[in-house]
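Everything on this sheet refers to the single structure shown next.
Residue numbers (our numbering), protein chains in the order written: chain A, 12 to 444; chain B, 51 to 317.
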């Protein structure tokens, strides 16, 4: 009875804390400007099913794909077991699904064990890739101590959870063989039966082992749940809405700024009465709140896998730009703004901005807008949109484009071509030179 | 053999309109195609192809103006929209419905970004036109230079490939040549940029270990290609410079899909 009460308190506290932190992230995301991503819902569901559920963009890197799939499948399917553990915890029952499911229960528990081994294997491989082989993709200026530790914490936690799950089953299996107490024969244990010889033979010691592992496993999961909002691992949740709200246009298409359209129309036709496009705001983005909520959602979705940076032509050739850093900086900055709101109220202004304090101009001007990063992202994140918005701010609000680009602008403006050629010579190509 | 190009008279929209005629398609030449010496050859080859298959077409000549693409990618949305609105006025003034471009940047801009500003046209890139002509049996690879057995690789321009998912049309134009078409390790949606996009063409690159076109040309050399086919005037410049930098311009040629098509047909 006491155990049940303790369990319910822990469960309630975990859910409460998690919802609070998720609400905070939601609020932070909604600090972004509005953008309409509600059209074509049928297509959006399809994109989400394909990209997030089906993980079709993962396949470009086969080793990572297979390993990631083990963890992904393990995570989703083993949740069925977590459901049973929750019910058992609240009602003080033991393996409550065993009776109603009958033979299927044995199959399921067996399948969970196999999955648990696959998850364990994948986590060990992933740890080796990061800490032993030192794969280039997991390095870079933005991969400082915290992002590296974050990745390791996630993998180690998953290893511990799976180990506890298997040890718990091993103890249960042994107790079942002893026909001890309520440990009636239920489930099949293809993996944990192999671990059983490592456990003590005494029933009371086994009960302790089983209970400790049970509590460690479920409390561990609840702690892990509350770690998510602080971690890149949050992608397991946000991957779904993020792909649902994907950009459905061709990647080459950049947004046309409505605020600019109004001004240009007024310039070309003085009698033009501008449509109301809402608050004037600034052109482009100096800080994260100038970006759209979708850009900010993407920042929270990023799991720092670095596929974007590894295909970025600027990064490959040694320039400062790293698309992953663009996303991580955006998330760090919006988190900072959110924390400021919590501490000092919603009108608080610090003297910082995404531009210059986080992302340098040198990074922004190195982009070739080639869309390789957008193509590479397994969850449809678009660093190029943020880069473009920041360029717009630098050019239109500050007039601080590199001098050569200013020359190009004035050529386009004065003679209709980015180079200094006369408009009158434009049709001279008919003659061979 | 008589050189057919001397016979070609390039029709302009203004002349056509004066005669009360409307061409089937407008050939949007682009700034590089109008001014860049190398790209001008490609422009003439596209005209030769159009002329050869007998499509009724015209160009804007001196009435054409930069689409605004480099301004937009660099963040100058004002300048882009000014250019776009002026161009839309000209295009609509001539009642233009269909456009073929010689440049993926013009193609992307007019196709994707002009509709939001009121300019609605059917826009294709010249490699798509060539593919269509091949499919319709109007264009073969006969009567000209033989590319048989040559190792050719194709460099995907970002704004044609990833930007607009056009991967097959340029390859279809190479397929009929009976060549040995080899892919580079980074191709199609994984293709590596030449380094010129996003207005980089008009500025010095940021400091780094090397230039992007040098990185890309290593892929070309690794593929052991004799010809690298391009479909964008900026890629053309970057690849050509890359080959020069690596002292490979004698062994490896950069040719646009339009040039290859024109040569294969003896145009």
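Glycine included, each C-beta is placed from N, C-alpha and C at the ideal position.
Span separating the alpha-carbon of residue i from that of residue j
i             : j             : result
residue 376/A : residue 364/A : 18 Å
residue 299/B : residue 421/A : 34 Å
residue 307/B : residue 95/B  : 10 Å
residue 26/A  : residue 88/A  : 20 Å
residue 54/B  : residue 305/B : Confidence is the limiting factor: at residue 54/B the pLDDT is only 46, short of 50, which leaves the residue's position unreliable, though a coordinate-based value still follows. If you take the alpha carbons of residue 54/B and residue 305/B, they lie about 20 Å apart.
residue 431/A : residue 253/B : 14 Å
residue 194/B : residue 224/B : 14 Å
residue 209/A : residue 132/A : 20 Å
residue 309/B : residue 92/B  : 6 Å
residue 174/B : residue 75/A  : 38 Å
residue 315/B : residue 190/B : 7 Å
residue 276/B : residue 279/A : 51 Å
residue 403/A : residue 271/A : 11 Å
residue 59/A  : residue 312/A : 14 Å
residue 235/A : residue 169/B : 52 Å
residue 297/A : residue 122/B : 18 Å
residue 490/A : residue 98/A  : Absent from the structure is residue 490/A, since the part of chain A shown begins at 12 and ends at 444.
residue 115/A : residue 91/A  : 13 Å
residue 127/B : residue 267/A : 8 Å
residue 323/B : residue 210/B : Residue coverage of chain B in this structure runs from 51 to 317, which leaves residue 323/B outside it and unanswerable.
residue 52/B  : residue 74/B  : Only weak support exists for where residue 52/B lies, its pLDDT of 40 falling under 50; the value from the coordinates is given anyway. Each residue's alpha carbon lies about 28 Å from the other.
residue 148/A : residue 335/A : 10 Å
residue 70/B  : residue 274/A : 36 Å
Simplified DSSP state of residue i, which is helix, strand or coil
i             : result
residue 351/B : Because chain B spans 51 through 317 in this model, residue 351/B falls outside it and cannot be assessed.
residue 305/B : strand
residue 178/A : helix
residue 370/A : strand
residue 62/B  : strand
residue 51/A  : coil
residue 51/B  : Below a pLDDT of 50, predicted positions are generally treated as unreliable, and residue 51/B, at 38, falls in that range; no measurement from the model is reported.
residue 261/A : coil
residue 157/A : helix
residue 432/A : coil
residue 363/A : coil
residue 208/B : coil
residue 445/A : The structure shown does not extend to residue 445/A, since chain A is modelled only from 12 through 444, so no value can be given for it.
residue 254/B : coil
residue 146/A : coil
residue 195/A : coil
residue 315/B : coil
residue 337/A : helix
Counterpart residues of residue i in DSSP-defined beta bridges
i             : result
residue 56/A  : None; residue 56/A has no bridge partner.
residue 146/B : BP columns for residue 146/B are empty, so no partner.
residue 76/B  : 108/B and 149/B
residue 442/A : DSSP output for residue 442/A lists no bridge partner at all.
residue 202/B : 231/B and 277/B
residue 173/B : 149/B
residue 44/A  : 303/A
Inter-residue CB distance, residue i and residue j (contact presumed, cutoff 8 Å)
i             : j             : result
residue 236/B : residue 242/B : 4 Å
residue 138/A : residue 166/A : 5 Å
residue 63/B  : residue 171/B : About 13 Å; that fails the 8 Å criterion.
residue 2/A   : residue 177/A : Because chain A spans 12 through 444 in this model, residue 2/A falls outside it and cannot be assessed.
residue 249/B : residue 120/B : 5 Å
residue 60/B  : residue 109/B : 6 Å
residue 201/A : residue 124/A : 6 Å
residue 437/A : residue 111/B : 7 Å
Contacts that residue i makes with chain D (C-beta to C-beta distance below 7 Å)
i             : result
residue 272/A : Of the protein chains in the structure, A and B, none is chain D.
Residue burial classification, residue i (beta-carbon count within 10 angstroms, cutoff 16)
i             : result
residue 285/A : exposed
residue 294/A : buried
residue 246/A : buried
residue 34/A  : exposed
residue 260/A : exposed
residue 340/A : buried
residue 327/A : buried
residue 414/A : exposed
residue 12/A  : exposed
residue 261/B : buried
residue 56/A  : exposed
residue 143/A : exposed
residue 314/A : buried
residue 20/A  : exposed
residue 135/A : exposed
Any non-hydrogen atom of the ligand MN within 8 Å of residue i CB
i            : result
residue 89/A : Ligands are entirely absent from the displayed structure, and the ligand MN is therefore not among its contents.
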